[in-house]
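Chemist: For what it's worth, our numbering labels the leading residue of the sequence shown as 21, then goes sequentially.
Using N, Cα and C, we set each Cβ at its ideal position, and we do this for glycine too.
These numbers were taken from a predicted model, which means no experiment stands behind them.
This is the structure, below, for whatever I ask next.
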Amino acid sequence: MSTELFVFPLGDDQCSGLNASSGTGTAGGPLRSLAAALRHLHGCTHARIVFLDGIHSLTSTVRISPPPGLRSLEITAAPGACPRLVGGVVLPPASAPEADDPLLGCIPAQVHPHLRCWDLRALGLGGQDGLRAHGFGCPASPAPMELFIGGAPQTWVRWPKTGTDLRIGRVPAAAPDEHSLPLGPPEAGFYCADPRPASWSSGHPVWAHGYWAWDWAASTHPIASLARQDDCCHVLTAPPYPAYGFRPGARFHFLNMPEELSEPGEYFIDRRHGRLYWVAGPEAGQHDALVSTLESPLVHLLQCHNITLRGLVLEAGRSDALVIEGGSRVRIESCIIRNTGQAGIRIRGGHHHAVSRCHISGCGEEGIKAQGGDWDTLDPCQFSVEDCHIHDIARRIRCYRPAIAATGVGITIRHNHLHHLPHSAIIFSGNNLLIEHNDIHHATQETGDAGAIYTGRSLVRRGNVIRGNHIHDTGPGVGHGSMGVYLDDCSSGQTLYGNIFARCPRAVKIGGGRDILVQQNLFIDCTPAVEFDARGLRMEHPVWRSMVHGPLRDRYLERKPWLAPYATHYPELGALRSLMEQRQPLPPENNRLESNRITAGVWVQAKDEDPTILAWLADRGTEAAPGTAPDDAPAPLDWHASLFPLEPPPGPRP
21 MSTELFVFPL GDDQCSGLNA SSGTGTAGGP LRSLAAALRH LHGCTHARIV
71 FLDGIHSLTS TVRISPPPGL RSLEITAAPG ACPRLVGGVV LPPASAPEAD
121 DPLLGCIPAQ VHPHLRCWDL RALGLGGQDG LRAHGFGCPA SPAPMELFIG
171 GAPQTWVRWP KTGTDLRIGR VPAAAPDEHS LPLGPPEAGF YCADPRPASW
221 SSGHPVWAHG YWAWDWAAST HPIASLARQD DCCHVLTAPP YPAYGFRPGA
271 RFHFLNMPEE LSEPGEYFID RRHGRLYWVA GPEAGQHDAL VSTLESPLVH
321 LLQCHNITLR GLVLEAGRSD ALVIEGGSRV RIESCIIRNT GQAGIRIRGG
371 HHHAVSRCHI SGCGEEGIKA QGGDWDTLDP CQFSVEDCHI HDIARRIRCY
421 RPAIAATGVG ITIRHNHLHH LPHSAIIFSG NNLLIEHNDI HHATQETGDA
471 GAIYTGRSLV RRGNVIRGNH IHDTGPGVGH GSMGVYLDDC SSGQTLYGNI
521 FARCPRAVKI GGGRDILVQQ NLFIDCTPAV EFDARGLRME HPVWRSMVHG
571 PLRDRYLERK PWLAPYATHY PELGALRSLM EQRQPLPPEN NRLESNRITA
621 GVWVQAKDED PTILAWLADR GTEAAPGTAP DDAPAPLDWH ASLFPLEPPP
671 GPRP
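Below, the structure is given as structure tokens:
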């Protein structure tokens, strides 16, 4: 038995849903909610749920767990429609604040004519707190309520303004860390060279976001006190503290001060009185205003099989847009996913799930996070992410929240356009993954010691192929810089084939790893094209010693890779058994550079003057001598196939 049901924002869940054209409220008219449509599927073998145009507000998660006997389900937009599933509330037109509004005394007078206000309590939106420490080292949590105007995230009021940061000054009780760099304990706070924060007197809680110790570890925390001392301000954060403490010179800015409302697009939520204040721009009133309210995912597919979601817009929840848990052959096609508080799409387990031709932007965390496959047996999950356009994500948590995160066995990431990202575009940890024909640019825009494509710290997560990608205009990178592909902390057994790297500060960074093949790649104005180091041999350094004898050794011995299935897939792993069991240093051996070409830039650099690397460079002759380009490499593969400007995939547009 097959059925087709229709859903319309002005429909009625008491109707049959069988007719899109019947008047709303009539017996045969459309349903109002997806949840009601799902209840009509008992006894069906094949079903299609069609969303008509409009805003479908969700007050709770839609949980899809089809009844027995349902063999396939398609949830799709009607032809020409652009239905929006919204985890929030569309606000009525804003008004100017009342003349006696007590908060006006805190806000600069020149801003008052541009200030707009919503009474959230009068709209039934009180109790929306949700401010929690978040970022590196903090527990996962939904975002607080956020404001979006015309589909664009607005700016939580901050100082200094977007594009500028303060620097940590003096740090009490600072002492050398394991890298011999000064670091202060988090409970002692730090000094800000500008006394301005001490003047904020509204009494509303101040927060701060910073790269407190490392350029790859950003987090946001409540401020316990701001005390002026001469021409400085002593800043104490409240627990939970930043993961590493405070380092002099680190970047940070303050958040949530009504006194600093000044620029169009900034907003502040007075959580005591339930009011939202927004500095309007010249186009105020021309676009809808939306606040996120739903604290759980918009849609959760649990143990679903043969389900397709197509042509929908999912937006503005405080958590994820879509969660796929278990099941098989769930396909997300030609959807727009935007402005979530956490991830856009989260896949946990199952097999043969696919995301294709989706446009994902404005997520607070990852665009897509996929985890699947079996590390014990190396059985693949056969997930795929293809033809997607993902950009401007990681709004709230800036580090290790890539456009695409892939963990597991047998995941394909193909032909995606990934750009304008604070940290990485793709982070992977797994086996037999394929990353190919992606256009990646303007990644690692805000962070350092990071790669547009990144993996690290495993000898057994190998067999991954990175091929035919166009990685360009990355960085600029801060601190330890930006890489095109970063194989960090002795990551080993990866293949980089036929990629084009253009204008990457460091195109390929091999951080102490082994068994790596870099073949037939084209490097354009990269400095250098390839960089090696030998950190696994530096046993005198406490950081590298603990890394090799800690997580690298533990993960290796846990998998017993001298036995099947790892010994079958990766026979070279068995040679490391004695090194790991005897806690020996780890040499960066069996790395190969073959038939690569460069134009401009620098060819190979060795960061560590280690005999293993220097001997390898000497054996390679002019092809791999530091600072030179190979001029006798054979003609490469057809690189031009990757040199194409990807356009956003076709699909619905708001």
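For SER219, count the other beta carbons within 10 Å of its own beta carbon; 16 or more makes it buried, fewer makes it exposed. Which is it?
Modeler: Exposed: under 16 other Cβ atoms inside 10 Å.
Chemist: For THR588, name the three-state secondary structure that DSSP assigns.
Modeler: THR588: helix per DSSP, three-state reduction.
Chemist: How many angstroms separate the CA atom of THR130 from the CA atom of GLU303?
Modeler: First, the amino acid is wrong: residue 130 is Gln here, not Thr. C-alpha separation (whole angstroms): 19 Å.
Chemist: Taking the straight line between their C-alpha atoms, what separation do you get for TYR211 and HIS241?
Modeler: Roughly 16 Å between the two C-alpha positions.
Chemist: Threshold first: 3 residues or longer. Then list the beta strand (DSSP E) segments lying entirely within the stretch 191-216, N to C.
Modeler: Runs of the beta strand (DSSP E) inside the stretch 191-216: 210-212.
Chemist: Cutting at 8 Å between CB atoms, please list the residues of its own chain near ASN484, excluding the five before and the five after it.
Modeler: Counting only Cβ-Cβ distances below 8 Å, and skipping sequence neighbours, we find PHE448, GLY450, ASN451, ASN452, LEU453, LEU454, ILE455, THR475, GLY513, GLN514 and THR515.
Chemist: With three or more C-beta pairs closer than 8 Å as the rule, is the stretch 147-157 touching the stretch 396-414?
Modeler: Flag = no, the stretch 396-414 and the stretch 147-157 do not touch.
Chemist: Starting from the N-terminal side, write out each stretch of the beta strand (DSSP E) that is 3 residues or longer and does not extend beyond the stretch 250-330.
Modeler: As far as the stretch 250-330 is concerned, its whole beta strand (DSSP E) runs of at least 3 residues are 252-257, 271-275, 286-290, 295-299, 309-312, 319-322 and 325-330.
Chemist: Classify VAL568 as helix, strand or coil using the three-state DSSP reduction.
Modeler: Helix.
Chemist: Alpha carbons only, please: which of LEU334, ALA47, TRP232 and MET21 is nearest the one belonging to ALA61?
Modeler: A quick correction: the sequence has Leu, not Ala, at residue 61. Checking every option, the nearest Cα to that of LEU61 belongs to MET21.
Chemist: Are the Cβ atoms of ARG351 and GLU386 separated by less than 7 Å?
Modeler: Cβ distance not < 7 Å, so ARG351 and GLU386 don't count as in contact.
Chemist: When the Cα of ALA116 is compared with those of CYS137, PRO103 and PRO99, which residue comes out closest?
Modeler: ALA116 has its Cα closest to that of CYS137, out of CYS137, PRO103 and PRO99.
Chemist: Considering Cα atoms alone, identify which of ASP553, THR81, GLU560 and ASN519 is closest to GLN540.
Modeler: Comparing Cα positions, the closest option is ASN519.
Chemist: Do you know offhand how far GLN602's Cα is from GLY265's?
Modeler: In a straight line, the C-alpha of GLN602 is about 34 Å away from that of GLY265.
Chemist: State the Cα-Cα distance for the pair ALA549 and GLY74, rounded to the nearest angstrom.
Modeler: Near 50 Å, if we compare the C-alpha coordinates of GLY74 and ALA549.
Chemist: Please name the residue in PHE274, SER92, ALA193 and VAL505 whose C-alpha comes closest to that of SER348.
Modeler: Answer by Cα proximity: SER92.
Chemist: In three-state DSSP terms, what is ASP469?
Modeler: Looking at ASP469 - three-state DSSP - the assignment turns out to be coil, as it is neither helix nor strand.
Chemist: Work out the CA separation of ALA98 and SER36 for me, nearest whole Å.
Modeler: Each residue's alpha carbon lies about 18 Å from the other.
Chemist: In the DSSP output, which residue or residues are listed as bridge partners for CYS137?
Modeler: In DSSP, CYS137 forms a bridge with SER115 and TYR297.
Chemist: Return the first residue and the last residue of the alpha helix (DSSP H) that TYR576 is part of.
Modeler: 573-579 is the span of the alpha helix (DSSP H), which, as asked, contains TYR576.
Chemist: With a threshold of 16 other CB atoms inside 10 Å of the CB of ILE291, please say whether the residue is buried or exposed.
Modeler: Reading the sequence as shown, one finds Arg at residue 291 and not Ile. Label assigned to ARG291: buried.
Chemist: Measure the alpha-carbon distance for LEU599 versus ASN610 and round it to whole angstroms.
Modeler: Straight-line Cα distance between these residues: approximately 15 Å.
Chemist: Determine the DSSP secondary structure at VAL131, reduced to helix, strand or coil.
Modeler: Helix at VAL131.
Chemist: Any contact of the stretch 321-333 with the stretch 178-195, i.e. 3+ C-beta pairs under 8 Å?
Modeler: Too few Cβ pairs lie closer than 8 Å, so no.
Chemist: Can the beta-carbon of ILE536 be found closer than 7 Å to that of PHE552?
Modeler: Result no, Cβ atoms of ILE536 and PHE552 do not sit closer than 7 Å.
Chemist: Is DSSP giving SER598 helix, strand or coil here?
Modeler: Correct three-state label for SER598: helix.
Chemist: Taking LEU186 as the reference, which of PRO317, GLN323, ALA228 and ASN359 has the closest Cα?
Modeler: Checking every option, the nearest Cα to that of LEU186 belongs to ALA228.
Chemist: Which of helix, strand or coil does DSSP assign to ALA57?
Modeler: Correct three-state label for ALA57: helix.
Chemist: With a CB to CB cut of under 6 Å and the five nearest residues on each side skipped, what residues in its chain are close to LYS389?
Modeler: Closer than 6 Å at the Cβ level, and outside the excluded window around LYS389, lie ALA363, ARG366 and ALA425.
Chemist: With 16 as the cutoff for other CB atoms within 10 Å, does VAL27 come out buried or exposed?
Modeler: Looking at its Cβ environment, which holds 16 or more other Cβ atoms inside 10 Å, VAL27 is buried.
Chemist: Return yes when the Cβ of GLY499 is within less than 7 Å of the Cβ of PRO525, no when it is not.
Modeler: Taking 7 Å as the Cβ cut-off, PRO525 and GLY499 do not qualify as a contacting pair.
Chemist: Quick one: give me the first and last residue of the beta strand (DSSP E) that THR619 is part of.
Modeler: Segment 617-619, the beta strand (DSSP E) holding THR619.
Chemist: With DSSP collapsed to three states, give me the class of ALA40.
Modeler: It is coil, neither helix nor strand.
Chemist: With distance defined between alpha-carbon atoms, name the residue in LEU111, ALA119, HIS76 and ALA114 nearest to CYS102.
Modeler: Minimum Cα distance to CYS102 is reached at HIS76.
Chemist: With a threshold of 6 Å on Cβ separation, who are the neighbours of PRO317 within its own chain once the five nearest residues in sequence on each side are excluded?
Modeler: Excluding residues within five positions, the ones whose Cβ falls inside 6 Å are THR81, SER339, ASP340 and VAL343.
Chemist: VAL505 to ILE433, Cα distance in whole Å?
Modeler: Whole-angstrom Cα-Cα distance: 15 Å.
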